[in-house]
Each structure stands twice: as C-alpha cells, then as structure tokens.
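Asker:
Numbering (the working numbering), first residue to last: 1 to 324.
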C-alpha cells in the first residue's frame, strides 16, 4: 500500500529491514490450544533441546518461531553468523532485545540504507521503541548478510532452524520533482513477513525534496513546525527543519513496517480538529496532513505551515497484527 502527498498533504510511508521481538506477554492461545502464561512453563514442556525435534505447529505467541527455537535459541543462517539466545539457555542476556521468548512476538528486520542515507540510528531506535511500547514487539536490527542464502533457502529466512522470515526495508534517497515525489513509501502487498512477495521501500529523498520545495518553501513559510511546535522556527533555522523531517521519516518507516505486519491503512488522513474533514490521529492513517496555520485556526499567521504527524496506534492494532 502506498501513501500519497497532497495539498493538505498525504505522505507515503516506506519499509525498512527489521528484526523485532515482543516486549510484553501475548494472549496465551497457541496453535495447539491453550498455552501456559509463563515462558518457563512453556519451555519446560519442550522436553528435548535438540533442534531436530523442532515442531513449527507449537508456537504459543504465533510469531512464526516455534516454542522450541524460542526456548533454546538459534544462529542466523547467513555469512555473518549471530547467535540469539533462547529463553531457557544458560547465560542468556537480560536485555529482552537480545534473546527470544515464547510468550512474546519476535520480528527480525534489516534496513538497507541508501548512500547517501537520510535515516539515522536514532530514527531506528525510535521505531523499535514505538513498536515495543505500543505493539509489544521488540525490534532486532540485523544485517542482510545474516539471512540464509537464497537459494537454496527461502528469501529472508532468518535461521536454518526455522522457516520464518524477517523484513527488509529498502531506502531510496533519490530526490525527485513533480508527481514522482508524491509517493513517499510503498509496501506491496500488505501482508506478513512470511510472504515471499513482500517488498517495502521508503523514499526518503522524495520526502526531503517535497518538504523543502513544495510544502515548506522558506520564502512562503519561514516557520514550518509540527502541531506540538517542533521544526523550523525562522527562515534561518536549518536545524529545526532537519528535526521536522526526521520526525516525518520516523513515522514513514513505522507506517510502512506496520503494513508488513498486515496492518492496513485507516481511511482518510490525520487532520486537525479544526478542519471540516473527518479527523483521526492514528499511525495507520492514509495521509499525514499539513496546512497553513491561518487556514486551520482562522487567524492571521499566514507564514506558518503546520504538520499533524501521528505516532499512536489504534486500539486493537496490537492484536490485529500478524507475523506469519
């Protein structure tokens, strides 16, 4: 699904490659029936730690990784091997993002940055924190070289011990003009990480040029800010404008990554209450809305452009998402 820009603007969100893990306990209903609530009880039911006994049907958190591998861990399948501890392994780290848990959804993500790139590590950290706090998903960022080679293995297969796939988000930082810059992200199709046809792209160069030249040209709108006041405060405030664009890049990545977890667009855009159009403020809104301050508030401050960028999931998104 793509998001578009417009004069009251709709912006498209793209995809990154992510590896994510669940931070919270998920419903105790697994593929094989009722599952124990505690990870230790699930792992105690896995009687043989040998990886040859893996049973994909036993997946209490329904994230595509069986209880077996989430209790006893695995190595990534690519040329750069990384070990992820299972919940029941001796010596596992205390940081939840460094081990697997059969009571929490695990999603692995790789982000293919362009050169030059408009994506900062702080942006990816924000993406991971948002998914963790609102969806219960812990994000593991891995390299594309961590995936098992394709062929002979499946595309984006994280480990030889499981058929579950990760997500790759590709950045395109090429700047464009005209109609080409109205699509800022594209996930096709809206599906799960386990789909072989999944592709996700964020067009960060288009976003940069669209903000700079169409939505916030400095001669027309020397002040260009988010609805809570962050952004360019004056014509010379280049740092403020960079802050505004990074806020939007983060939302764009989160939106497109959510499409890779089966979350569809909410009709309409995230718009200010003061407009006549329907209002919603969800991450999955089809559009991110911008409007000159004077047109929104019906008062005189024509030199300010205001962005309404949502960072909240709808109630129910955490249970509606799918990883397989």
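By construction, the Cβ of each residue, glycine as well, lies at the ideal position given by its N, Cα and C atoms.
Only a predicted model underlies this, so the values are computations on that prediction, with no experimental measurement involved.
Is the number of C-beta pairs between the segment 201-217 and the segment 167-183 that are closer than 8 Å three or more?
Answerer: The segment 201-217 is in contact with the segment 167-183.
Asker: Suppose only complete runs of 3+ residues qualify. What are the beta strand (DSSP E) ranges in the segment 107-150, listed by chain order?
Answerer: Complete beta strand (DSSP E) runs here, min 3: 138-141.
Asker: Between the alpha carbons of residue 90 and residue 127, how many angstroms are there, rounded?
Answerer: As a working mapping, residue 90 is identified with position 90 in the chain shown. As a working mapping, residue 127 is identified with position 127 in the chain shown. About 30 Å.
Asker: What separation, rounded to the nearest whole angstrom, lies between the Cα atoms of residue 311 and residue 239?
Answerer: If you number the chain shown from 1, residue 311 lands on position 311. If you number the chain shown from 1, residue 239 lands on position 239. Using only the alpha carbons, I get a separation of about 22 Å.
Asker: Measuring CA to CA, which of 206, 189, 139 is closest to residue 171?
Answerer: Translated into positions along the chain shown, residue 171 becomes position 171. When only C-alpha atoms are compared, the closest one is 206.
Asker: Take residue 113 as the anchor and find which of 204, 183, 80 has the nearest alpha-carbon.
Answerer: As a position in the chain shown, residue 113 is number 113, starting the count at 1. Nearest of 204, 183, 80 to residue 113, Cα basis: 204.
Asker: Residue 83 bridges to which residues according to DSSP?
Answerer: Working through the chain shown from its first residue, we reach residue 83 at position 83. Per DSSP, 75.
Asker: Let's see if you can read the secondary structure: which residues bound the beta strand (DSSP E) around residue 285?
Answerer: Taking the first residue of the chain shown as 1, we reach residue 285 at position 285. Its beta strand (DSSP E) spans residues 285-292.
Asker: Quick test of the definition: if touching needs 3 or more C-beta pairs under 8 Å, does the segment 157-172 touch the segment 220-236?
Answerer: The segment 157-172 is not in contact with the segment 220-236.
Asker: Residue 192 and residue 198 - do their beta-carbons sit closer together than 9 Å?
Answerer: Counting from 1 along the chain shown, the entry for residue 198 is found at position 198. Counting from 1 along the chain shown, the entry for residue 192 is found at position 192. Yes, the Cβ-Cβ distance between residue 198 and residue 192 is below 9 Å.
Asker: Would the beta-carbon of residue 200 fall within 9 Å of that of residue 138?
Answerer: Here residue 200 is taken as the residue at index 200 of the chain shown, counted from 1. Here residue 138 is taken as the residue at index 138 of the chain shown, counted from 1. For residue 200 and residue 138, no; Cβs fall outside 9 Å.
Asker: Return the bridge partner residues of residue 171 from the DSSP annotation.
Answerer: As a working mapping, residue 171 is identified with position 171 in the chain shown. Per DSSP, 202.
Asker: Between 130, 320, 157, 226, which lies nearest to residue 253 when the distance is taken from Cα to Cα?
Answerer: Here residue 253 refers to the residue found at position 253 of the chain shown. Among 130, 320, 157, 226, the Cα nearest to that of residue 253 is on 130.
Asker: In the structure shown, what three-state DSSP assignment does residue 278 receive?
Answerer: Counted from its first residue, the chain shown places residue 278 at position 278. Because the pLDDT of residue 278 is 49, which lies under 50, any placement of that residue in the model is unreliable, and the question is left without a value.
Asker: Looking only at its own chain, which residues have a Cβ that is under 6 Å from the Cβ of residue 264, when we skip the five neighbours before and after it?
Answerer: Sequence index remark: in the chain shown, residue 264 carries index 264 (1-based). Once the five neighbours on either side are set aside, the close Cβ partners of residue 264 are 190.
Asker: Please report the residue range of the alpha helix (DSSP H) in which residue 246 lies.
Answerer: Here residue 246 is taken as the residue at index 246 of the chain shown, counted from 1. Start and end: 238-259.
Asker: I think residue 61 touches residue 46, with their Cβ atoms under 8 Å apart; what is that distance to the nearest whole Å?
Answerer: For this step, residue 61 is matched to residue 61 along the chain shown. For this step, residue 46 is matched to residue 46 along the chain shown. Going by Cβ atoms, the distance from residue 61 to residue 46 rounds to 14 Å, so no, they are not a contact pair.
Asker: According to DSSP, what are the bridge partners of residue 105?
Answerer: Stepping through the chain shown from its first residue, residue 105 is reached at position 105. Beta-bridge pairing links residue 105 to no other residue.
Asker: By Cβ distance below 7 Å, which residues in the same chain neighbour residue 31 in space, the five residues on each side in sequence not counted?
Answerer: Within the chain shown, the letter at position 31 stands for residue 31. Low confidence applies to residue 31: its pLDDT is 46, below 50, so where it sits in the model is not reliable enough to give any reading.
Asker: Just verifying my parser: in three-state terms, what is the DSSP assignment at residue 210?
Answerer: Locating residue 210 in the chain shown gives position 210, counting from the first residue. DSSP places residue 210 in helix when its eight states are reduced to three.
Asker: Taking 8 Å as the cut-off, is the C-beta of residue 36 nearer than that to any heavy atom in the ligand FMN?
Answerer: Annotation note on the ligand FMN: not contained in the displayed structure, which lists no ligands.
Asker: Measuring alpha carbon to alpha carbon, tell me which residue in 229, 194, 242, 226 is nearest residue 209.
Answerer: Position 209 of the chain shown holds residue 209. For the residues 229, 194, 242, 226, the minimum Cα distance to residue 209 belongs to 242.
Asker: If we ignore side chains and look at the alpha-carbon of each, how far apart do residue 304 and residue 42 end up?
Answerer: Residue mapping note: residue 304 aligns to position 304 of the chain shown, counting from 1. Residue mapping note: residue 42 aligns to position 42 of the chain shown, counting from 1. Going from the Cα of residue 304 to the Cα of residue 42 covers about 56 Å.
Asker: In angstroms with no decimal places, state the Cα-to-Cα distance between residue 107 and residue 323.
Answerer: Taking the chain shown and counting its residues from 1, the one referred to as residue 107 is at position 107. Taking the chain shown and counting its residues from 1, the one referred to as residue 323 is at position 323. So the alpha carbons of these two residues sit roughly 7 Å apart.
Asker: Going by the CB atoms, is the gap between residue 261 and residue 135 shorter than 9 Å?
Answerer: Locating residue 135 in the chain shown gives position 135, counting from the first residue. Locating residue 261 in the chain shown gives position 261, counting from the first residue. Taking 9 Å as the Cβ cut-off, residue 135 and residue 261 qualify as a contacting pair.
Asker: Is residue 290 closer than 9 Å to residue 306 when the C-beta atoms are compared?
Answerer: Locating residue 306 in the chain shown gives position 306, where the first residue counts as 1. Locating residue 290 in the chain shown gives position 290, where the first residue counts as 1. Closer than 9 Å, so yes.
Asker: To which residues does DSSP link residue 232 through a beta bridge?
Answerer: For the purposes of this step, residue 232 is taken as residue 232 along the chain shown, with counting starting at 1. For residue 232, which the question treats as bridged, DSSP gives the partners 224.
Asker: Does residue 133 pass the burial test, meaning 16 or more other C-beta atoms within 10 Å, or should it be called exposed?
Answerer: In the chain shown, residue 133 corresponds to position 133, counting from 1. That one is exposed.
Asker: Measuring only the C-alpha atoms, how far is residue 152 from residue 283?
Answerer: As a first step, residue 152 is located in the chain shown; it is residue number 152 there, counting from the start. As a first step, residue 283 is located in the chain shown; it is residue number 283 there, counting from the start. Roughly 37 Å separates the two Cα atoms.
Asker: Residues in its own chain within less than 8 Å of residue 93 by CB, not counting five upstream and five downstream?
Answerer: On the chain shown, residue 93 is found 93 positions in, with the first residue counted as 1. Closer than 8 Å at Cβ, skipping near neighbours: 85, 99.
Asker: Let's see if you can read the secondary structure: which residues bound the alpha helix (DSSP H) around residue 46?
Answerer: By one-based count along the chain shown, residue 46 stands at place 46. Unbroken run through residue 46: none, as it is neither H nor E.
Asker: Residues in its own chain within less than 7 Å of residue 116 by CB, not counting five upstream and five downstream?
Answerer: Along the chain shown, read from residue 1 onward, the residue named residue 116 stands at position 116. Only 173 meet the Cβ criterion.
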